[in-house]
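Residue numbers (the numbering used here), protein chains in the order written: chain L, 1 to 108; chain W, 109 to 216; chain X, 217 to 324; chain E, 325 to 432.
Single-structure report; data block below.
Right under this line is the structure:
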């Protein structure tokens, strides 16, 4: 992976972690939280894996390909769930997730 | 910290992480999830810090005292929230949190 | 995944995290640390992914199969490196890694 | 904590995590790694706590003050160690650590 692609991927992962945690936090404050259960769950999964993979890449993990592959799958699942909800935090999160999934697939 | 106390603390932290994540998972499946929003939030906080501190201790972190102090505070907050709810997973979680808070305080 | 297999897998991941962090800590205290650079690096990769996957499983992640697959690959790589070194902490770590890789493959 | 301070803190924590992991990776490739053992150890402590605290803040943790306090202590310890070494990655890391310690103290 070239240095520029790597730097860009780390920032994309960080942005996705931020979007997912914002969405998680906002979903926990929604009135109809039950509708949001899957969103909360997937936001956490996606935030955690993005944070994990970002750190792994920066420390020179030999497993970039394996980790970005699983990260892409989780980002897509989270994006697909968030896309269903009209809330701005969900739509923003979906967009961040799909961008991140794309970047991960290129690295995998 | 003596080796036996340390081993025991790591297991207590692990047990608390397990109880908090069970409670988090169960709360996300509850019908009246809105009542559970604070529980879900604190379960994640507590599970994450317990997992973090357990790993830190095993790798010989020089910051056992600082980390167990913040962990004790988070365990107590989570235990106090879970204690309010009748569900078995909440009561079990509260118990695990208070045990873990106590163990952390002794190490801090 | 049946409940018993799941509980057993979480404990196996926890044991592997402990063994890898012990080995990491001990390698950082070795006189000839340069020989240990790959061991230190892989111990961290393996400890971190095992802790990550253990927590994911307990919180009901929908991605058990994907996560245990990447975990198995990292456990095997760490076990193969540790196996090369005579130190007891390396041999213990190799054993824990291979057990964990096996358990992960069965879950994947 | 005002939104701008919060956003700025999250980016500072992310930058410090990146600098610490770069330094960790570079130290593991140094010829005289024994000199670097404390640096490697503290880089990991610091990278991990910065990543942890960044994520906690974004998800709306109620424990910003407690977490940034322990993070400041770890950043300072890592900065003080890295400052001793002439390597560019160590000097860069020290600078990132001291900036992050300062930002954490203001939030604590």
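We put the beta carbon where it would ideally sit given N, CA and C, even for glycine.
Does the beta carbon of residue i come closer than 8 Å to any beta carbon on chain X?
i: residue 172 of chain W; result: no
i: residue 168 of chain W; result: yes
i: residue 108 of chain L; result: no
i: residue 9 of chain L; result: no
i: residue 159 of chain W; result: yes
Could you say which of the options lies nearest to residue i if we only look at CA atoms?
i: residue 84 of chain L; options: L:8, L:38, L:9, L:4; result: L:38
i: residue 32 of chain L; options: L:86, L:42, L:66; result: L:86
i: residue 123 of chain W; options: W:162, W:196, W:153; result: W:162
i: residue 429 of chain E; options: E:348, E:385, E:391; result: E:391
i: residue 59 of chain L; options: E:422, E:367, E:393; result: E:367
i: residue 29 of chain L; options: W:203, W:112, W:202, W:148; result: W:148
Short of 6 Å in beta carbon distance, which residues of its chain neighbour residue i, apart from the five on each side in sequence? Order them along the chain.
i: residue 51 of chain L; result: 17
i: residue 103 of chain L; result: 9, 12
i: residue 285 of chain X; result: 324
i: residue 92 of chain L; result: 19
i: residue 389 of chain E; result: 432
i: residue 202 of chain W; result: 187, 190, 191
i: residue 116 of chain L; result: Any question about residue 116 of chain L goes unanswered here, given that chain L covers just 1 to 108.
Would residue i and residue j qualify as a contact pair, given that the criterion is a beta-carbon distance under 8 Å?
i: residue 402 of chain E; j: residue 351 of chain E; result: no
i: residue 265 of chain X; j: residue 222 of chain X; result: no
i: residue 239 of chain X; j: residue 305 of chain X; result: yes
i: residue 317 of chain X; j: residue 291 of chain X; result: yes
i: residue 171 of chain W; j: residue 397 of chain E; result: yes
Shorter than 8 Å from the beta carbon of residue i to some beta carbon of chain L?
i: residue 175 of chain W; result: no
Could you name the residues of the same chain whose beta carbon sits closer than 8 Å to that of residue i, not counting the 5 residues immediately before and after it, in chain order?
i: residue 97 of chain L; result: 16, 19, 20, 46, 75, 76, 78, 79, 82
i: residue 35 of chain L; result: 85
i: residue 277 of chain X; result: 283
For residue i and chain E, any beta-carbon pair shorter than 8 Å?
i: residue 181 of chain W; result: yes
i: residue 91 of chain L; result: no
i: residue 5 of chain L; result: no
Let me check you understand the geometry: is the CB of residue i closer than 7 Å to at least one non-hydrogen atom of the ligand SAH?
i: residue 426 of chain E; result: Annotation note on the ligand SAH: not contained in the displayed structure, which lists no ligands.
Discussion item. Taking beta-carbon pairs under 8 Å, can you tell me which members of the region 13–24 of chain L lie near chain E?
Written reply: 14, 17, 18, 21, 22, 24
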